[in-house]
Structures are given as structure tokens and as C-alpha cells.
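Asks: Chains as they are written, first to last, in full-length UniProt numbering: chain A, 1 to 348; chain B, 1 to 348. Got a structure for you, questions after.
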């Protein structure tokens with residue numbers, strides 16, 4: 001009995017037309033959505049990567065939806081991408097998945113086993129945490145350096161060429177990820193409450209946040225906060241904080257300055273543990289910056305401030321804003337590994 | 001048709017024996033439990049209040065369980081207390097409820113209407129927030145001064161003799177109640193994570209907290225935190241933090257010092273708004289201290305540190321550790337109002 005879902009792959013019995021050109025699949029699996037792309041296997045990579053097909057599915061984090069549903073999501077989105085690119089599994093040379101929730105070797109081995117059931121044995125398979133795909137999206141597929149992700153949550157990952165890795169932050173709001181979008185917005189809400197009850201100074205955040213939420217008094221914030229505990233809903237207030245900081249509000253400025261310290265500290269912690277800056281700390285390494293919090297604003301550019309702060313300790317830190325999405329990073333990583341595998345340097 | 005639950009009061013048709021001595025009911029209704037006590041109506045109050053009966057029920061916060069269930073809980077626990085004290089409703093002279101969730105005049109009016117349906121019209125009825133009962137437990141029934149409650153959550157309430165009131169904090173962990181038991185413990189967990197990933201210094205909190213939770217690595221704290229988001233479960237770690245601070249751990253000491261600042265700031269904010277210290281700030285007023293966080297420890301006494309900090313700004317602040325529980329505070333408040341009502345000074 002086939003261990004894969006035969007009906008998903010029925011399209012392969014049709015004549016897809018044309019010669020079976022070799023392809024690579026790259027996938028970025030997150031808690032919100034999963035993106036899969038298919039690129040041709042070229043001898044050398046052009047500046048602009050040609051995308052044969054792209055598909056999007058829902059969550060593929062096994063911690064969130066369970067193993068069976070995660071496996072089904074991954075298989076479906078890969079089959080859809082191959083169908084769109086008019087390719088069969090026999091044309092695939094390598095598959096690289098960066099999946100949220102893959103934290104331990106046993107998670108990696110489980111997902112590798114799913115892929116082994118789906119693809120022919122000649123296909124090279126690579127499975128990593130989604131932070132690796134984010135890193136690779138900024139390093140053209142190389143796993144070396146550091147990635148800082150700051151969206152609703154925040155996490156910093158570092159990787160060395162000899163396979164060591166380290167992470168910092170990423171523990172969620174209860175455990176103090178104060179540089180995350182959630183952390184920034186929660187502190188802004190706290191500033192509004194403190195101004196209201198007399199514990200803190202008045203701040204522009206009060207009017208700006210109440211207006212954006214359609215509330216008339218800070219008292220109503222308590223109810224608003226508890227009707228829906230979703231972190232993303234609170235993190236969505238970050239633009240209001242940036243806007244108040246740009247207008248000169250001191251509370252908003254202090255919140256962003258503290259966030260900059262937190263985010264750069266999380267990068268510096270992994271750089272130190274992995275000696276990414278070399279013995280003297282001056283060596284060069286990329287820091288890939290991903291996520292809404294790090295995006296440039298008019299006056300207040302959190303990403304640039306974080307970079308400046310990291311470079312004070314590690315002058316060789318090279319900030320990189322990826323030009324491609326993480327799924328393409330995963331495909332580039334597979335392409336690199338495939339090339340290296342000809343000299344037996346990558347693990348399957 | 002009677003608007004009260006007739007079957008609850010069937011015991012009143014029996015001969016309860018003895019003369020029908022006048023009594024007062026005091027009730028402290030919280031989110032976890034509700035306590036009702038019955039005291040005799042004495043001409044003057046002795047140092048030790050005689051308790052005729054005491055009953056305990058579950059939650060009576062209408063925000064948590066709905067209005068019908070809250071009303072039923074209150075009626076049942078009052079009936080049980082009267083039955084235990086061998087008293088009928090006709091013997092009751094006054095009822096005072098301090099109920100969590102009573103924040104607006106309309107909440108107060110709703111609960112008053114429930115009581116009006118249950119008790120004969122001669123009974124004096126008083127309904128307040130549960131913080132008022134906590135205050136009254138330290139002021140022998142007088143509503144003047146400040147109460148600081150620091151358990152799982154934290155809140156500060158202030159009251160003037162002419163009926164003005166103010167509150168600070170009490171907005172929950174998202175909105176920054178960092179002096180609460182939850183806030184102290186969450187910061188301690190953050191300290192453990194930061195020491196583990198290289199963002200912060202090593203701390204005794206790591207071994208102490210992992211041991212108390214039966215975990216083997218700080219990595220496991222992330223899963224532990226998210227399996228059960230209950231605030232009380234996290235706040236239960238406060239004794240570990242105090243113990244590490246007493247042993248000289250700097251991270252634990254900083255967390256407690258910051259909590260002291262937060263808690264005293266919440267008191268000072270309401271004192272300032274209500275001018276409880278008078279025009280020069282040197283006037284005398286009670287600060288009733290309630291909740292596990294404020295209880296004395298060996299070397300580290302959070303309650304004493306908070307008092308010292310408040311007195312630096314308001315030298316007339318008089319800390320009071322209540323000798324009786326809040327339900328008795330409610331009964332004493334009713335007793336005081338009943339006495340004043342003879343000169344028409346209390347509202348029904």
C-alpha cells in the first residue's frame with residue numbers, strides 16, 4: 001500500500017506535455033500559512049530566480065494542528081505546486097522544507113519520513129525550522145550567519161558553517177519577548193492605562209490608540225484586551241506606536257528604544273555563543289532581518305536602529321533585507337545542498 | 001409570585017428556637033470564592049467580633065458566571081449562613097455585600113434589586129466592590145483611605161469620606177500589572193529564559209524554578225507556560241522568587257525591588273488623585289494591605305518595603321494588616337452605616 005495520498009497525485013497519470021525538466025521544491029511552513037514554490041534546476045543561479053509555480057495553504061505547524069493534518073497540508077501544497085508547474089514527482093531533484101515547530105532532530109526525522117514516503121528515492125530531502133528558510137532568503141541559500149524575525153513574535157537564530165546553531169528569545173509574551181510587535185503594543189497599552197490612572201505621564205498614545213480601536217475611554221481597553229487574547233490583534237497597534245514616536249511622544253520613543261535594545265540583544269546573544277564574529281569579534285557575517293517590526297518607517301526605522309546597535313559590538317555584522325520570500329530561500333538552500341552533495345557534503 | 005427562591009428559605013417555617021436576636025450579614029464575593037458571615041447586632045463593637053455563622057460558596061462575579069448564577073450563589077450562601085446561625089430573614093437588620101465585578105452604579109443597582117427581592121423592606125442594604133470589603137476589614141468598617149490588594153493580580157483603591165473613589169492598576173498582565181504575583185513570577189521565568197539563551201546573567205531562579213516545576217531544562221518552560229495560561233498557576237512561583245532574593249540572587253532582588261516600586265506607585269497614584277494626605281501631603285490615612293504578595297517573609301518583606309516607599313512621599317500613610325477577613329469587614333461596614341443611618345447619613 002502506498003503511504004502517500006494516491007488521489008492527490010492522480011494528475012501524474014495524465015500527459016503533462018513537454019520534456020520532464022528537473023525541478024526543485026522550496027517550502028516555508030508557518031503557523032499562519034504555508035507557501036510552496038517550484039524552480040527549475042539550473043546549472044548556475046541567475047540574479048532573478050525564475051518561479052515555475054507558487055501555492056499557498058494553511059498552517060503546517062504540527063504543534064498547532066497535529067501530525068496528520070500537518071502532513072496532509074504539506075503533501076497537498078507540494079502536489080498543487082507540481083501540478084501548476086506541469087511537473088511530476090519523477091522530475092523533482094530536491095525538496096527543502098522550512099517548517100515552524102521543527103525544533104528537535106526527532107521532529108526533523110518525522111517530517112523526513114513523510115517526504116520519503118511521498119517522493120522517489122533519488123530525490124534529495126532537506127528539513128529545517130522555518131527560521132532557516134528565512135535566513136536562506138537573505139543569504140542566497142547559504143546557512144551561515146544570523147536571522148532576526150520580528151513580527152507578532154520575535155526570535156533570533158544563528159548558524160555556523162559547521163552545523164552548530166543557537167537561538168534567543170522566541171519564548172512568547174509571558175516569557176518576555178519585549179522586542180516583538182506584541183511586546184511593543186502591550187507596553188503602549190500599559191502606557192495608556194498608567195497615564196489614565198495617574199501612575200505615568202500623559203502620552204499621545206492614548207488618543208491615537210483609542211481612536212484606532214473605536215473606544216472612548218482607557219477604561220474600555222481592559223475589556224477590549226480580554227475579549228480576544230490573540231497576540232496578532234494587539235501587535236497590529238505597532239504602527240500607532242511608531243507614528244506617536246515620530247511625532248515626538250516620549251513614552252512611545254522609550255518603548256521603541258527599549259525594543260531596539262531587546263532585539264539587538266537577542267542577535268548579540270546568538271552571535272556570542274556561536275563566535276560568528278570570530279575570535280576578535282570583528283569578522284563579517286550576515287544578519288537577515290525579517291518581519292513587520294523591522295520595516296523602515298519615515299523617521300523611526302527600528303531595523304536600522306537594531307543594526308546600528310549590533311554593529312557597535314560586532315562591526316562586521318552585515319544587515320540583509322531579503323529580496324525574496326522564505327520559500328524561495330528554502331529552494332535556494334536545496335539548490336546549494338544539491339551542488340555540494342556532488343562532493344558529499346550535505347545530509348539527507 | 002415571590003421573586004426569591006422559596007425552597008431555599010423553607011427552613012424559616014420551622015421553629016428555630018430562642019428569641020429572634022437582630023443580626024447583620026457581611027459578604028465578600030470574589031472570582032474564586034464567596035464568603036458570608038453573620039454577626040449579632042451589638043450596641044458597641046467589642047475587640048473580637050463574635051461570628052454566629054460562616055459559609056463559603058464559589059464565584060459570585062457576574063462577569064465570570066453570568067447574572068443568574070451570580071444571584072443564585074449570593075442567595076444560597078446568605079440563606080445557608082442564616083440557617084447555621086438559627087436566624088430568619090426577619091431578624092436581619094443590615095446586609096453588606098462586597099462583590100467582585102461591581103464597578104459601575106448600574107452593577108450596584110442590579111445587585112441591590114436582587115437583595116430587595118429577597119429581604120423584607122426594613123433591612124438596610126449596602127452593595128460595593130469587593131475592594132471596599134477588603135478596606136473595611138482593616139479600618140473596622142470605615143470607608144476612608146486606601147487598600148492595596150496584591151495576590152495573583154494587583155489593584156489599588158482609594159476612598160474619601162465624602163464618597164469619591166479612585167483606582168490604579170488592576171488591568172491584568174497584558175496591561176502591565178508588574179507588581180502582582182503573576183507579574184513577579186512572569187519576570188522570574190523571563191530571567192530564567194534570558195540566562196539560558198545568553199541574553200542575561202545566570203540566576204539561582206533557574207534551578208529553583210525548574211526543581212519546583214519538575215522540569216529538567218529551561219527549554220521546557222515554554223511548553224509549560226502555554227499548556228495552561230492560568231495566571232494563578234504562574235503566580236504560585238512567587239515564594240521561589242522571594243527565597244532566591246533572600247539567598248542574595250541579584251535578578252530575584254531586582255524583580256522584587258521593581259515590584260515594590262510598582263505597588264507603591266499604584267497606591268501613591270490614588271492618594272494623589274484623592275488628596276488623601278491633605279493639602280501638604282502629610283495628613284494621616286490608612287493603607288490596608290491584603291494578599292499573598294504583601295505577606296511578611298524572613299528577610300524580604302515586600303509589604304514593609306512598599307510601606308516604606310509610600311511613606312517617603314506620604315509620611316502620614318498608616319499601613320494596616322487586617323486581623324479579620326473581608327466578609328467581616330463588610331459586616332462592620334454595615335454596622336457603621338446602620339449606626340449612621342439613625343442620623344440619615346448612609347444610602348440604601
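C-beta atoms are modelled at their ideal positions from N, C-alpha and C, and glycine is treated no differently.
Would residue 81 of chain A pass as a contact of residue 36 of chain A if the rule is Cβ separation under 7 Å?
Replies: Taking 7 Å as the Cβ cut-off, residue 81 of chain A and residue 36 of chain A qualify as a contacting pair.
Asks: What does residue 197 of chain B touch in chain A if you count any residue whose Cβ is under 9 Å from its own?
Replies: Chain A residues near residue 197 of chain B: 156, 166, 167, 168, 169, 170, 171, 266, 269, 270 and 273.
Asks: Check whether the Cβ of residue 176 of chain A lies closer than 7 Å to any Cβ atom in chain B.
Replies: Yes, contact with chain B.
Asks: At a Cβ cut of 9 Å, what residues of the segment 224 to 255 of chain B count as close to chain A, listed as they run along the chain?
Replies: Against chain A - using a Cβ distance shorter than 9 Å - the residues of the segment 224 to 255 of chain B are 225, 226, 229 and 234.
Asks: Can you pull the chain A neighbours of residue 221 of chain B, defined as C-beta to C-beta under 8 Å?
Replies: Simply 171 and 175.
Asks: Between the alpha carbons of residue 28 of chain A and residue 204 of chain B, how many angstroms are there, rounded?
Replies: About 39 Å.
Asks: Return the chain-ordered ranges of every alpha helix (DSSP H) run that is complete within the segment 59 to 93 of chain A and spans a minimum of 4 residues.
Replies: DSSP runs (the alpha helix (DSSP H)) wholly in the segment 59 to 93 of chain A: 62 to 65 and 67 to 84.
Asks: Is the segment 38 to 46 of chain A close to the segment 10 to 19 of chain A, with three or more CB pairs under 8 Å?
Replies: With a cut-off of 8 Å, the segment 10 to 19 of chain A and the segment 38 to 46 of chain A do not count as touching, because too few Cβ pairs lie within range.
Asks: Nearest to residue 262 of chain A by alpha carbon, out of A:307, A:233, A:242 and A:235?
Replies: The option with the nearest alpha carbon to residue 262 of chain A is A:307.
Asks: Could you check whether the Cβ of residue 193 of chain B sits closer than 7 Å to any Cβ belonging to chain A?
Replies: Chain A contact via Cβ: present.
Asks: Do you know whose CA, among B:337, B:331, B:84 and B:341, lies nearest residue 97 of chain B's CA?
Replies: Of the listed residues, the one whose Cα sits closest to residue 97 of chain B is B:331.
Asks: What residues of chain B sit near residue 186 of chain A, judged by a beta carbon separation below 8 Å?
Replies: Near residue 186 of chain A (Cβ distances below 8 Å), the residues of chain B are 174, 175 and 176.
Asks: Residue 190 of chain B touches chain A at which residues, Cβ-Cβ below 7 Å?
Replies: Simply 175 and 176.
Asks: Is it buried or exposed, residue 212 of chain B, if we count other Cβ atoms within 10 angstroms and call 16 or more buried?
Replies: Burial call: exposed.
Asks: Residue range of the beta strand (DSSP E) that residue 12 of chain B falls in?
Replies: Where residue 12 of chain B is concerned, there is no enclosing beta strand (DSSP E), given that its DSSP letter is neither H nor E.
Asks: Could you give the DSSP three-state label for residue 8 of chain A: helix, strand or coil?
Replies: Of the three classes helix, strand and coil, the one that applies to residue 8 of chain A here is helix, per DSSP.
Asks: May I have the straight-line CA-CA distance separating residue 136 of chain B from residue 250 of chain A, to the nearest angstrom?
Replies: If I take the Cα positions, the gap works out to 40 Å.
Asks: Are residue 292 of chain B and residue 170 of chain B closer than 7 Å when you measure CB to CB?
Replies: Cβ distance not < 7 Å, so residue 292 of chain B and residue 170 of chain B don't count as in contact.
Asks: Helix, strand or coil for residue 347 of chain B per DSSP?
Replies: Here residue 347 of chain B scores only 45 on pLDDT, less than 50, and its place in the model is too uncertain to base an answer on.
Asks: Start and end of the beta strand (DSSP E) containing residue 287 of chain B?
Replies: Start and end: 285 to 290.
Asks: By the 10 Å Cβ neighbour count, where 16 or more other Cβ atoms means buried, how is residue 328 of chain B classified, buried or exposed?
Replies: Buried, since its Cβ has 16 or more Cβ neighbours within 10 Å.
Asks: When the Cα of residue 11 of chain A is compared with those of A:90, A:189, A:228 and A:52, which residue comes out closest?
Replies: Among A:90, A:189, A:228 and A:52, the Cα nearest to that of residue 11 of chain A is on A:90.
Asks: So, with DSSP's three-state summary, where would you put residue 326 of chain B?
Replies: In this structure, residue 326 of chain B counts as helix in the three-state DSSP scheme.
Asks: Whose C-alpha, out of B:168, B:180, B:176 and B:145, is nearest the C-alpha of residue 154 of chain B?
Replies: For the residues B:168, B:180, B:176 and B:145, the minimum Cα distance to residue 154 of chain B belongs to B:180.
Asks: Taking the alpha helix (DSSP H) that residue 276 of chain B belongs to, which residues open and close that run?
Replies: Residue 276 of chain B -> no alpha helix (DSSP H), and no H or E assigned at all.
Asks: Could you tell me whether the segment 266 to 286 of chain B touches the segment 309 to 320 of chain B, using the rule of 3 or more Cβ pairs below 8 Å?
Replies: The answer is yes - the segment 309 to 320 of chain B touches the segment 266 to 286 of chain B, with three or more Cβ pairs under 8 Å.
Asks: Could you tell me whether the segment 229 to 245 of chain A touches the segment 105 to 124 of chain A, using the rule of 3 or more Cβ pairs below 8 Å?
Replies: Because the criterion of three Cβ pairs below 8 Å is not met, the segment 229 to 245 of chain A and the segment 105 to 124 of chain A do not touch.
Asks: Output the distance between the C-alpha atoms of residue 159 of chain A and residue 186 of chain B, rounded to the nearest integer angstrom.
Replies: Rounded to the nearest angstrom, the two C-alpha atoms are 29 Å apart.
Asks: Determine, using beta carbons only, whether residue 334 of chain B and residue 126 of chain B come nearer to each other than 7 Å.
Replies: Yes, the pair counts as a contact, with Cβ atoms nearer than the cut-off.
Asks: So for residue 21 of chain B, helix, strand or coil by DSSP?
Replies: Residue 21 of chain B falls in the coil class under three-state DSSP.
Asks: Quick check for students: name the residue ranges of the alpha helix (DSSP H) that lie wholly in the segment 217 to 278 of chain B, counting only runs of 4 or more.
Replies: Taking only runs of at least 4 residues, the alpha helix (DSSP H) segments lying wholly in the segment 217 to 278 of chain B are 219 to 227, 231 to 235, 238 to 246 and 250 to 274.
Asks: How is residue 34 of chain A classed by DSSP in three states: helix, strand or coil?
Replies: The answer is strand: DSSP assigns residue 34 of chain A an E or B state.
Asks: Between which residues of its own chain and residue 232 of chain B is the CB-CB distance below 7 Å, once the five residues before and five after are set aside?
Replies: The answer, listed in chain order, is 152.
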